[in-house]
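Residue numbers (the working numbering): 15 to 623.
Given below as structure tokens:
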């Protein structure tokens, strides 16, 4: 539970139920529980149910929440009176961002373009009024940009982030004056990135201005001209500034160095600072929910491939840690039974690529172990080695599991992303192949026992490496895969296309078209042998629409000359992320894992100690 504005907020599951229950307790955890939203009730009669943003009004009397029953991220916004427990008459479509004004009567929300599903409009609604009378406050007309709504932790300002990748403009509005007009912090400029936080009379600005790995600056809200921006944390060549949270007495930043997360504590008064020690060779650590401003307690979480997600309350003054929760793992799980490593594979151009590895202690490194290797490498999204209880099932059956931290993410800083996008995208694919070769060479596994998996843009990765090195893998699992790159990027009416010209390229530009054509999985299929393949998609997926992998599989069936397995499964009720229920998702993992074990002739038995 976390504390905000006089209440403890709780999310919990009940045994046997698919979905969480959201509740609160006033003042103390010993107080009576007030149920806000039981998602199990919302889901009745629906094959798919996803709860969107849940936000309580400043006077604590009303909760706004969104629900998607389609799997296409098409949410409807509802309001519930927390005193009477009645759902109000107000309800309308929205994109997923909704924030209360400080009068607890006005709500600001965003909507999507009906065709491209691009977040493009911001509206104002007065609770109890006719939705048709809502006021349009902002319209983002640039088809390459999205308009995302948020509110500062201080609760003082609404923010509109007009962005997609690195060209950004932020607009702000006093949350005490919701009928006012949004003002721009700084007009957008190509490849000029910034994000805003608020403290006292200043905006804190995370920016790439003369700082590839980002720096933190501040400027008075009263005069935001760029000449007034002053450094709070200067740029560091070896440290990526990822995020931050602001407290009354402390600034906390999430950073990354040498491929690993770091949490940096800085006292405002004298700039005294320190880092939180995690103590494992490969791990993931991140800032948790910290809504309170005037507190010396920071909540963060950490995990590793062998350590379940652990929630810690950290006293920033005394440096004392209090473990609040360790995620439970059923069965006889013991973290001491497993070994993790953080190793470096050498790519073909000499670059060192980090790889996180886990296996059961006592494993013989003689090439006989099966291996499950995953990767992503796009959008600057780092693939951190969080705990995955599903994968314990594989490791207990003798698998090595590994993550290739390939270029295209930001594990090694912003340049790591730049070197794996646009006209350098091929590095993403060759890095993954070179990490695979490394695991074989170092006898963690062998090519006839190596499986690779990737989803979405990671599915593009799978398609590319399948074409480039079909001999290297026993099997490939590719989920909701972006495999028809040229066709999709040539159609601006498809969701996401226009915003992603800066990630993949625009096929209307000849040089970019020719480069994409080199790796687009569908366009590079040819007659020959391919590994065993399991291709998964969702019929309602709005991010990679089902016809991409369907078309890809149809052509692959025509061209493959081997007798290896090619299976195609369409989830008829799922979304880009699969099924919405927690047990249904376990069934999806069971299918994937049993497919791999079946190909290896395994009977599913656990490895004996």
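All C-beta atoms, glycine included, are put in the ideal place defined by N, C-alpha and C.
Just so we're clear, the structure is a prediction, and the values are computed from it rather than from any experiment.
For residue i, the first and last residue of its enclosing beta strand (DSSP E)
i, result
"residue 52", "47-52"
"residue 5", "The chain is shown only over 15 to 623; residue 5 falls outside these bounds and no answer can be derived."
"residue 38", "35-40"
"residue 415", "414-418"
"residue 221", "216-221"
"residue 231", "229-234"
"residue 18", "16-18"
"residue 161", "160-165"
"residue 387", "385-388"
"residue 125", "120-126"
"residue 24", "21-26"
Residue i and residue j closer than 8 angstroms at C-beta
i, j, result
"residue 41", "residue 111", "no"
"residue 585", "residue 591", "no"
"residue 53", "residue 72", "no"
"residue 95", "residue 76", "yes"
"residue 230", "residue 200", "no"
"residue 320", "residue 360", "no"
"residue 301", "residue 277", "yes"
"residue 322", "residue 337", "no"
"residue 400", "residue 254", "no"
"residue 465", "residue 487", "yes"
"residue 307", "residue 168", "yes"
"residue 462", "residue 500", "no"
"residue 545", "residue 578", "yes"
"residue 498", "residue 607", "no"
"residue 139", "residue 171", "no"
"residue 610", "residue 513", "no"
"residue 268", "residue 256", "yes"
"residue 220", "residue 232", "no"
"residue 152", "residue 135", "yes"
"residue 104", "residue 141", "yes"
"residue 209", "residue 165", "no"
"residue 286", "residue 263", "no"
"residue 292", "residue 328", "no"
Extent of the continuous alpha helix (DSSP H) run through residue i
i, result
"residue 440", "440-455"
"residue 486", "Careful: residue 486 lies outside any alpha helix (DSSP H) and carries neither H nor E."
"residue 573", "561-573"
"residue 109", "Neither: residue 109 is in no alpha helix (DSSP H) and is coded neither H nor E."
"residue 287", "Per DSSP, residue 287 belongs to no alpha helix (DSSP H); it is in the beta strand (DSSP E), 287-289."
"residue 97", "No alpha helix (DSSP H) contains residue 97, which DSSP labels as neither H nor E."
"residue 393", "Unbroken run through residue 393: none, as it is neither H nor E."
"residue 43", "It is not in any alpha helix (DSSP H) - residue 43 carries neither H nor E in the DSSP assignment."
"residue 404", "403-409"
"residue 213", "Looking at the DSSP string, residue 213 is not in any alpha helix (DSSP H); the run it does join, the beta strand (DSSP E), is 208-213."
"residue 607", "596-613"
"residue 500", "499-503"
Bridge partners - residue i, DSSP secondary structure assignment
i, result
"residue 269", "255, 276"
"residue 65", "81"
"residue 149", "138"
"residue 58", "Looking at the DSSP assignment, residue 58 forms no beta bridge with any residue, so it has no partner."
"residue 360", "366"
"residue 243", "In DSSP, residue 243 forms no bridge with anything."
"residue 264", "281"
"residue 492", "468, 549"
"residue 436", "Residue 436 is not bridged to any residue."
"residue 582", "549"
"residue 175", "162, 184"
"residue 133", "126"
"residue 589", "592"
"residue 374", "352"
"residue 114", "121"
"residue 421", "423"
**Request:** Could you tell me which uninterrupted beta strand (DSSP E) segments, each at least 3 residues in length, are contained entirely in the region 291-345, listed from first to last along the chain?
**Result:** Runs of the beta strand (DSSP E) inside the region 291-345: 298-301, 311-317, 324-329, 335-340.
**Item:** Segments of 4+ residues assigned as alpha helix (DSSP H) that fall wholly inside the region 510-555
**Value:** Annotation note: the region 510-555 contains the following uninterrupted alpha helix (DSSP H) runs of length 4 or greater, listed N- to C-terminal: 524-533.
**Prompt:** Is it true that the region 359-374 meets the region 412-425, where meeting means three or more beta-carbon pairs spaced less than 8 angstroms apart?
**Reply:** Of all C-beta pairs linking the region 359-374 to the region 412-425, three or more are shorter than 8 angstroms, placing the two stretches in contact.
**Asked** Three or more beta-carbon pairs under 8 angstroms between the region 458-472 and the region 506-513, yes or no?
**Response** No: fewer than three Cβ pairs fall under 8 angstroms.
**Message:** Across the region 511-530 and the region 445-464, are there enough close Cβ pairs to call them in contact, namely three or more that are closer than 8 angstroms?
**Reply:** As far as the Cβ criterion goes, the region 511-530 does not touch the region 445-464, which means the pair count is below three.
**Prompt:** Is it true that the region 604-620 meets the region 83-98, where meeting means three or more beta-carbon pairs spaced less than 8 angstroms apart?
**Reply:** The answer is no - the region 83-98 does not touch the region 604-620, with fewer than three Cβ pairs under 8 angstroms.
**Message:** If contact is defined by three or more beta carbon pairs under 8 angstroms, each pair taking one atom from either stretch, is the region 218-233 in contact with the region 384-402?
**Reply:** With the cut-off at 8 angstroms, the region 384-402 and the region 218-233 do not touch.
**Message:** Check whether the region 23-39 and the region 572-580 are in contact - that is, three or more C-beta pairs closer than 8 angstroms.
**Reply:** The region 23-39 is not in contact with the region 572-580.
**Message:** Assess contact between the region 44-61 and the region 326-335, defined as three or more Cβ pairs (one per stretch) separated by less than 8 angstroms. Is contact present?
**Reply:** Contact between the region 44-61 and the region 326-335 is absent, with fewer than three C-beta pairs closer than 8 angstroms.
**Message:** With three or more beta-carbon pairs closer than 8 angstroms as the criterion, would you say the region 598-605 touches the region 381-397?
**Reply:** Because the criterion of three Cβ pairs below 8 angstroms is not met, the region 598-605 and the region 381-397 do not touch.
**Request:** Kindly confirm or deny that the region 351-359 and the region 436-444 touch, where touching means at least three C-beta pairs closer than 8 angstroms.
**Result:** The region 351-359 vs the region 436-444: no contact.
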